[in-house]
Structure formats: C-alpha cells, structure tokens
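Colleague: Here it is: the structure, laid out below.
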Amino acid sequence: MNMMLTDNRDAILPAASTCSQQSLQAAKFTKPQFDLLQPVRQWLDQIEVRDAKFAKLLYKVIPAQCPFERDIILFGHKVAHIPPLCKLNPLYDQLVGLRFRALCYLVDRCGIDIMSYS
Numbered sequence: 004m005n006m007m008l009t010d011n012r013d014a015i016l017p018a019a020s021t022c023s024q025q026s027l028q029a030a031k032f033t034k035p036q037f038d039l040l041q042p043v044r045q046w047l048d049q050i051e052v053r054d055a056k057f058a059k060l061l062y063k064v065i066p067a068q069c070p071f072e073r074d075i076i077l078f079g080h081k082v083a084h085i086p087p088l089c090k091l092n093p094l095y096d097q098l099v100g101l102r103f104r105a106l107c108y109l110v111d112r113c114g115i116d117i118m119s120y121s
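Residue numbers for the sequence shown follow the numbering used here, beginning at 4 and rising by one.
Take a look at the structure:
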C-alpha cells in the first residue's frame with residue numbers, strides 16, 4: 004500500500020489575491036442599483052385602509068396561506084409535498100402587510116369578529 008505524505012504547512016496567499024477576494028465578497032452583498040418593483044412596493048405600503056367594505060375585500064382576496072402548497076396523497080400515503088411558492092413573489096411581504104392592515108382595521112375600528120369570515 005503506497006501512501007503519499009504531505010506536510011501540514013499553511014499556504015501563504017499573495018496580498019493581491021486576498022484583496023480581490025475581499026472585493027468579490029463585498030460585491031456579493033451590495034443591493035442592485037435599480038429595482039423596477041420599488042415604486043409598486045412603496046405604493047402598496049402606503050395604502051391606508053379607511054373603509055370597512057374595502058377592508059373586507061382585501062381580507063377575502065389576499066390569502067392567509069399559500070394556496071399552492073399541497074400534499075400529494077396516494078392510497079392514503081403522502082407521496083410528495085409541493086412547498087409554498089408564494090415567497091417567490093417579489094410583492095409577497097407588501098401584500099401580507101396590506102392584508103394585516105385590513106384585518107387590524109376590521110377588528111380595531113369596526114369591532115368585527117373575524118372568525119365569522121373564516
């Protein structure tokens with residue numbers, strides 16, 4: 004049995020390569036300069052719920068859970084699971100926030116019991 008022996012010395016990298024690695028790592032964490040959806044995100048975040056009818060509509064239209072998440076069951080056994088894909092939606096956080104504001108308006112301002120809508 005032939006074994007190759009190696010020494011345990013640390014490799015010393017040149018200073019230029021460490022600088023380039025640091026600049027590459029810094030480039031990974033920078034945000035894109037131009038975001039096409041930013042105006043839409045701001046518009047959704049600025050919507051104020053002031054009407055009970057509008058709040059009820061938002062509460063019913065925006066789902067509380069991802070409607071695409073499914074368990075595939077065959078002969079009583081779970082065969083596969085489709086994960087929630089809603090988080091891939093770039094406006095997901097704004098829509099959930101809007102639904103929450105509508106829910107808060109219905110409960111706090113209108114005194115409506117949400118359990119009746121479930």
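Note that beta-carbon positions come from the ideal geometry of N, C-alpha and C, so glycine has one too.
State the beta-bridge partners of aspartate 74 as determined by DSSP.
Modeller: For the purposes of this step, residue 74 is taken as the residue at position 71 of the sequence shown. Beta-bridge pairing links aspartate 74 to His84.
Colleague: Can you tell which of Ile117, Phe103, Tyr95 has the C-alpha that lies nearest to the C-alpha of proline 70?
Modeller: For this step, residue 70 is matched to residue 67 along the sequence shown. Of Ile117, Phe103, Tyr95, the residue nearest in Cα terms is Tyr95.
Colleague: List the endpoints of the continuous alpha helix (DSSP H) containing phenylalanine 103.
Modeller: To locate residue 103, count along the sequence shown from 1; it is residue 100. Per DSSP, phenylalanine 103 belongs to the alpha helix (DSSP H) from 95-107.
Colleague: Taking just the CA atoms, how far does arginine 53 sit from glutamine 41?
Modeller: Taking the first residue of the sequence shown as position 1, residue 41 is located at position 38. Taking the first residue of the sequence shown as position 1, residue 53 is located at position 50. Cα-Cα distance, rounded: 24 Å.
Colleague: Near glycine 114, which residues of its chain fall below 7 Å by C-beta distance, leaving aside the five closest residues on each side in sequence?
Modeller: By 1-based counting over the sequence shown, the position of residue 114 is 111. Contacts found: none.
Colleague: Out of Pro87, Phe37, Leu39, point me to the one whose CA is closest to arginine 73's CA.
Modeller: Taking the first residue of the sequence shown as position 1, residue 73 is located at position 70. Among Pro87, Phe37, Leu39, the Cα nearest to that of arginine 73 belongs to Pro87.
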